[in-house]
Each structure stands twice: as structure tokens, then as C-alpha cells.
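Read through the structure below, which is laid out as C-alpha cells, and then see the notes.
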Amino acid sequence: MDCRIKSGNDPGGKAMPTTHFIVRAVIAPHLRETFDRWYATDHLPWATRVFQCEQAWRGWSALEEGVHYAVYQFADKAACDRALGSAEFKELVADFTKSWPEGVTRSRDVVTVAP
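Quick note on the numbering used here: the sequence shown kicks off at 6 and runs consecutively.
Here is the structure:
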């Protein structure tokens, strides 16, 4: 297995470190299939359009049962801050809360890749 260390900067040191907005959600077992479909077909595409991020992906934890992660990559912290400060982000949060009033808890984090 080949494991390489990746830094946030290119070899010439010109690129800014990318920033990731990460949403961790814990899903009750009986809601997993419905949540998975909703996030894939509704929430992730909507969030990607709103954020105008470089890329987005999601997945389920291999270590913690029922834990779902969504990751949105931005060119830099300023782009992430703009997205999270937008009115559209507040709409996304409200829709998530309305769609999952129980059985789903979530937390958010912003991580900038170290140079």
C-alpha cells in the first residue's frame, strides 16, 4: 500500500490551502435508508449548487454505526465563509431540521488543510 503525505499547498507554495465544511450526522437505524436517499437526491445536490463549492461527497462511517459524513470542499476559507454566511445556507439548515425533526442529530465543522 502506498500512502503519501499531502499538503494544502502545491510544491511551488502558490496555492492556498483548501477548506472543507464537514457535516457529521448520526442517523437512527430505522431512518437510514430514507435519509440516504434524501441526502443523495435532494440535500447534497441542493447544497452543492448553493455553496458553489469545488466538489462535494458523502459517505457512511465504517467504524461507527449510523454515522454519515458530508464533505464540501472550497478553494479557501473565504469561499467557505461566504457560503456559510448566505441566506441560502440558512434555508438548507431549516430544511434539514424540518425534514429530520427526530432520529437525526448533526454537528458541523470547518477544516482548513494544513500547508
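We put the beta carbon where it would ideally sit given N, CA and C, even for glycine.
Only a predicted model underlies this, so the values are computations on that prediction, with no experimental measurement involved.
Rounded Cβ spacing between residue i and residue j (contact assumed at less than 8 Å)
i, j, result
"Val79", "Thr23", "Checking the sequence, you will find Phe at residue 79 rather than Val. Their Cβ separation, rounded to whole angstroms, is 7 Å, which keeps Phe79 and Thr23 in contact under 8 Å."
"Ala30", "Thr110", "7 Å"
CA-to-CA distance, residue j to residue i, given in whole angstroms
i, j, result
"Pro106", "Pro34", "15 Å"
"Gly64", "Ile27", "11 Å"
Which of helix, strand or coil DSSP assigns to residue i
i, result
"Thr110", "strand"
"Val76", "strand"
"Val98", "helix"
"Trp51", "helix"
"Thr46", "helix"
Residue from the options with nearest C-alpha to residue i
i, options, result
"Val115", "Phe40, Tyr74 and Thr39", "Tyr74"
"Thr117", "Leu68, Tyr77 and Asp100", "Tyr77"
"Ala83", "Arg113, Cys58, Ile32 and Ala52", "Cys58"
For this session: Tell me, please, whether the stretch 86-99 touches the stretch 30-46 by the rule of three or more beta-carbon pairs shorter than 8 Å.
Result: Too few Cβ pairs lie closer than 8 Å, so no.
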